[in-house]
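Notes follow once the structure below has been shown.
Numbering (the numbering used here), first residue to last: 26 to 122.
Here you go:
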């Protein structure tokens with residue numbers, strides 16, 4: 026197993042494309058996206074019964090190396106400050122296949 030960093034990002038659905046562009050730029054090779062996630066944060070509750078996709082959130086999960094971690098977090102921070110959301114970085118292990 027290889028030590029890696031697990032990245033979990035929740036932010037405005039309209040910003041998911043920018044998040045994915047950042048992942049690509051940093052060199053992250055893959056990701057999972059879940060659309061229309063709901064929850065509650067510092068900006069209140071987010072529901073998935075809204076008429077417009079612009080007010081919903083999306084979830085992105087990926088992994089990166091220790092070297093990619095800081096560049097990735099630094100690039101995503103302005104999106105979170107402007108649109109809200111969260112970026113969680115945790116230690117994980119990758120099972121190579």
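Using N, Cα and C, we set each Cβ at its ideal position, and we do this for glycine too.
Quick caveat: nothing in here was measured; it's all calculated off a predicted structure.
_Euclidean distance between Cα positions of residue 62 and residue 26_ = Approximately 31 Å between the Cα atoms of the pair.
*Nearest-angstrom Cα separation, counted from residue 91 out to residue 45*: 19 Å
*Straight-line Cα distance separating residue 122 from residue 84*: 25 Å
*Could you give the C-beta distance for residue 51 and residue 93, rounded to a whole number, given that I count them as a contact under 8 Å?*
Residue 51 to residue 93, Cβ: 5 Å. Contact.
*If you count every other CB in all the chains shown that lies within 10 Å of the CB of residue 104, and 16 or more means buried, which is it?*
buried
_The alpha helix (DSSP H) enclosing residue 104, as first and last residue numbers_ = 91 to 108
*Just how far apart, CA to CA, sit residue 42 and residue 49?*
11 Å
_Pairwise C-alpha distance: residue 53 and residue 107_ = Note on geometry: alpha-carbon atoms of residue 107 and residue 53 lie some 23 Å from one another.
*Per DSSP, what kind of secondary structure is residue 57 in: helix, strand or coil?*
strand
*Return the bridge partner residues of residue 83 from the DSSP annotation.*
36 and 60
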